[in-house]
Every structure is written in structure tokens, then in C-alpha cells.
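S.K.: Residue numbers for the sequence shown follow full-length UniProt numbering, beginning at 1 and rising by one.
Note that the Cβ used here is the ideal one computed from N, Cα and C, for glycine as well.
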Amino acid sequence: MSAGAPSIGEEPTQRTEGHPAGTAARPPVLGFIGLGEAGFHIARGLREAGLPGICAFDRYWNVAPQSELVLARAREAGVELQPSLQALVEHCDIVVSAVSATLSVPLAKESAPFLRAGQLFADLNSAGPQTKVEAAAAIAGTGAAYVDGAIMGTVPGLAHRVPTLLCGDGAQRLADALGPYGMQLTVLDGPAGRASASKMLRSIFMKGVVTLLLETVLAGHAYGLEDDLLDSIAETFAAGPFREVANGLMTRGVIHAERRAHEMDEVIATLQAAGVDDTMSRATRDKLLQLAAAGYKAHFRGVPPSDFHEIFALGH
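(1) Counting along the chain, where does the alpha helix (DSSP H) carrying Ser100 start and finish?
(2) Taking Lys109 as the reference, give the member of Arg75, Gly36, Tyr146 and Val79 with the closest Cα.
(3) Leaving out the 5 sequence neighbours to the left and right, which residues in its chain are closer than 7 angstroms to Asp169 when beta-carbon positions are compared?
(4) Mind checking whether residue 318 and Ala64 have CB atoms under 7 angstroms apart?
(5) Would you give the residue range spanned by the alpha helix (DSSP H) that Ala292 belongs to?
(6) Measuring CA to CA, which of Leu271, Thr270 and Phe40 is closest to Gln158?
(7) DSSP three-state call for Ala145: helix, strand or coil?
(8) On a Cα-Cα basis, can you pick out the residue from Lys199, Val245, Leu46 and Ser232 that is closest to Glu76?
(9) Enumerate in chain order the residues of its own chain whose CB-to-CB distance from Pro304 is below 6 angstroms, with the five nearest sequence positions on each side excluded.
(10) Under the criterion of a Cβ to heavy atom distance below 6 angstroms, does Asp189 qualify as lining the ligand ATP?
(11) Based on the DSSP secondary-structure assignment, which residues constitute the bridge partners of Thr186?
(12) Is it buried or exposed, Glu215, if we count other Cβ atoms within 10 angstroms and call 16 or more buried?
(13) Going by DSSP, what residue range makes up the alpha helix (DSSP H) through Phe237?
(14) Whole angstroms is fine: what's the gap from Ser100's alpha carbon to Pro241's?
(15) Quick one: grab the DSSP three-state call for Ala122.
(16) Would you please state the rounded distance, in angstroms, between the beta carbons of Met200 and Gly128? I believe it to be under 8 angstroms.
(17) Going by DSSP in three states, Phe300 sits in which element: helix, strand or coil?
(18) Excluding sequence positions up to five away, which residues of its chain have a Cβ less than 7 angstroms from the Cβ of Glu244?
(19) Does DSSP put Leu51 in a helix, in a strand, or in coil?
(20) Can you tell me which of Leu289, Leu188 and Thr142 puts its alpha carbon nearest to the alpha carbon of Pro163?
(21) With a cut-off of 8 angstroms, do at least 3 Cβ pairs link the stretch 189-199 to the stretch 110-129?
(22) Pull the bridge partners of Phe57 from the DSSP assignment, please.
(23) Assign Ala150 to one of three DSSP states: helix, strand, or coil.
(24) Since His160 is in the alpha helix (DSSP H), which residue starts that stretch and which ends it?
(25) Helix, strand or coil for Leu81, going by three-state DSSP, please let me know.
(26) Can you tell which of Ala293, Gln290 and Ile311 has its C-alpha closest to the C-alpha of Phe300?
(27) State the Cα-Cα distance for the pair Ile204 and Gln82, rounded to the nearest angstrom.
(28) Three or more C-beta pairs under 8 angstroms: does that hold for the stretch 263-275 against the stretch 230-240?
(29) Give every residue of the same chain whose Cβ lies closer than 8 angstroms to the Cβ of Pro156, excluding the five residues on either side of it in the sequence, and list them in chain order.
(30) Return the Cβ separation of Leu174 and Ile54 in integer angstroms, given the expectation that the two are a contact with Cβ distance under 8 angstroms.
(31) As a quick exercise: from Gln130, Ala171, Leu71 and Glu134, pick the residue whose alpha carbon is nearest that of Val96.
(32) Between Val70 and His91, what straight-line distance do the alpha-carbon atoms span, to the nearest angstrom?
Written out as C-alpha cells, the structure is:
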């Protein structure tokens with residue numbers, strides 16, 4: 001934070017860091033750009049946790065029929081709607097952008113002229129690291145601090161308590177300001193982009209496993225085996241702690257990649273015979289062929305390494 005800039009939740013005449021719970025400093029004025037699913041649930045959760053004065057701007061607030069949902073959410077969350085983006089930004093200490101990845105940079109650019117020293121601009125959009133870096137650059141020079149926020153769970157179920165990673169020059173200040181209200185915020189060292197990179201990479205598994213499951217059960221349904229398949233998969237992952245199971249799957253997988261790639265040819269033929277899409281199965285075969293060509297089996301002399309970190313030795 002620059003010298004002399006008011007901290008979040010302070011009156012301009014007071015110069016103390018953040019808004020620790022139990023101090024005389026006023027709570028931060030929080031404003032959401034967008035009252036979509038994420039903005040609505042987080043705002044409502046914070047309001048129920050005792051944070052007053054939350055406001056929001058949604059571009060559909062006066063556009064029928066979308067306005068009906070926006071107004072209903074505002075009432076339920078107990079937030080005050082602002083008539084424009086400018087009004088929201090100028091009114092708040094903390095501006096939270098919670099819309100979509102495609103709007104991350106445009107909203108940062110639109111907000112920049114109205115930002116001031118001491119404010120925080122928290123970008124919670126599910127965008128990649130390069131997008132967050134560009135958004136941070138858009139508000140550089142305004143005096144406001146940028147926060148790259150990556151939501152790492154399901155917002156409707158957890159609301160404001162959803163685990164969220166933060167980085168950027170305003171990350172610690174945001175954690176200090178909103179942590180007392182129950183937000184589960186983890187600050188990562190480093191500039192904007194690191195938190196969102198973690199989310200994007202986690203999505204490889206979280207979104208990929210959904211498509212694998214769907215292809216599996218759709219094929220299973222064609223053979224009347226969907227429930228049996230899920231039970232079998234559950235047994236595999238219940239065999240031990242997740243990291244232990246994952247370690248075994250990866251270390252054995254790189255050793256036996258060539259054989260398993262040939263087995264996937266049979267899997268693909270099985271799906272094709274049932275008229276089931278085989279997109280994920282073909283991708284699995286191709287990845288296994290890449291792993292086989294990378295030389296892991298020769299490097300480890302046919303013996304699976306004890307720890308998956310050893311796989312990185314080949315630089316792939």
C-alpha cells in the first residue's frame with residue numbers, strides 16, 4: 001500500500017492497516033460488479049455474517065426480463081443496487097468483479113477511470129493467468145491495488161466460505177478485510193496470475209474427470225453396467241488416501257503407457273460397437289502413446305518410481 005493511502009474500512013483521517021475484527025474502524029464498503037451466481041451467493045453470505053452496506057451493479061438491473069432476477073437477488077442478499085458502474089466504484093472501498101472470464105479485462109478497463117488510491121479491485125472471474133495480468137495492468141496507475149482471486153469450490157453450496165486463492169499487490173489487504181467475516185482466503189506469494197493459474201490447472205482434472213465419468217457411464221448404460229462401473233471405480237479410489245492412490249496411478253501409468261495405449265484401442269472399439277462417442281477414450285490413447293514415446297519405461301528400467309515427483313526428471 002502506498003504511504004498515506006487510507007486502508008480498507010478506515011475513515012480517511014485514520015491510518016491503520018486493514019479492518020481487523022473488533023477494532024473501531026468502520027467495516028469496508030463492498031461492491032459487486034454483477035449479481036450472477038457467484039456475486040449473489042457471496043454477497044448474501046457476507047451480509048448474513050454481519051458485513052453491512054454491501055452494494056452491487058448489474059447491467060441488467062433495469063433490463064426486462066433479466067431485471068426480475070437481479071432485483072430479486074438484491075432483495076434476498078440485502079444489497080443496495082447502484083445505477084451505474086461509476087456509481088458503484090466511487091461508492092466502495094472494495095470492488096469485486098464477479099461476472100465471466102470474457103469480461104475480466106473489459107471491466108477492469110471500464111472501472112479504471114473511477115478507481116482511487118487505497119481501493120481494492122478484486123477480480124474473481126474464472127479467467128486464465130494471462131487475462132488476470134492484463135486486467136491488473138489495466139488498473140495500474142490508478143492507486144488502487146489489484147487482487148487476482150481464484151474460487152476453488154462450489155459457490156452455491158459454500159457461499160462466502162468457498163475456498164479462494166488470492167495473489168497480487170492487494171491480496172493480503174483483502175484477506176485482512178474480509179477474513180473476519182468468514183471468507184476462506186489463502187494468500188499466495190507473487191503477482192497477479194498465480195492464483196488463477198492454480199485454478200486453471202486444477203480444472204484439467206475437475207472438468208476432465210466429469211467428461212471421463214460421463215463417457216464411462218454412457219458406455220456402461222449401453223451395456224447395462226453403469227452402476228457396476230461406478231461401484232468399481234469407487235473401490236479403486238477408496239483403496240487409500242487420495243494422494244497415495246494418485247501417486248500409484250501416475251507412477252505405474254508412465255511405466256505401462258504403451259501396453260495401456262493398445263488396450264485403449266480395444267476400449268475404443270467397444271464404444272464404437274455400442275454407438276457411444278469415444279472422444280475421451282481416443283484422447284486417453286493418444287496421451288498414453290505420448291508417454292510411451294517419452295521414454296519413462298527405459299529411464300526407470302521398467303520399475304515404477306516410488307514418488308510421482310521423480311517423473312519430472314525427464315522434463316516432460
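M.R.: For this structure:
(1) Neither: Ser100 is in no alpha helix (DSSP H) and is coded neither H nor E.
(2) Tyr146
(3) Ala145 and Tyr146
(4) In this structure the chain extends from 1 to 316, so residue 318 is not present and cannot be described.
(5) Thr279 to Ala293
(6) A small correction: the amino acid at residue 158 is Leu; Gln does not occupy that position in the sequence shown. With distances taken between Cα atoms, Leu158 lies closest to Phe40.
(7) strand
(8) Leu46
(9) Thr251, Arg252 and Ile255
(10) Of the ligands one can find in the structure shown there are none, so the ligand ATP has no counterpart to examine.
(11) Leu165
(12) buried
(13) Glu226 to Phe237
(14) 35 angstroms
(15) strand
(16) 5 angstroms
(17) coil
(18) none
(19) coil
(20) Leu188
(21) yes
(22) Ile33
(23) strand
(24) Premise fails: His160 is in no alpha helix (DSSP H) and is neither H nor E.
(25) strand
(26) Ile311
(27) 37 angstroms
(28) no
(29) Glu37 and His41
(30) About 15 angstroms; that fails the 8 angstroms criterion.
(31) Ala171
(32) 20 angstroms
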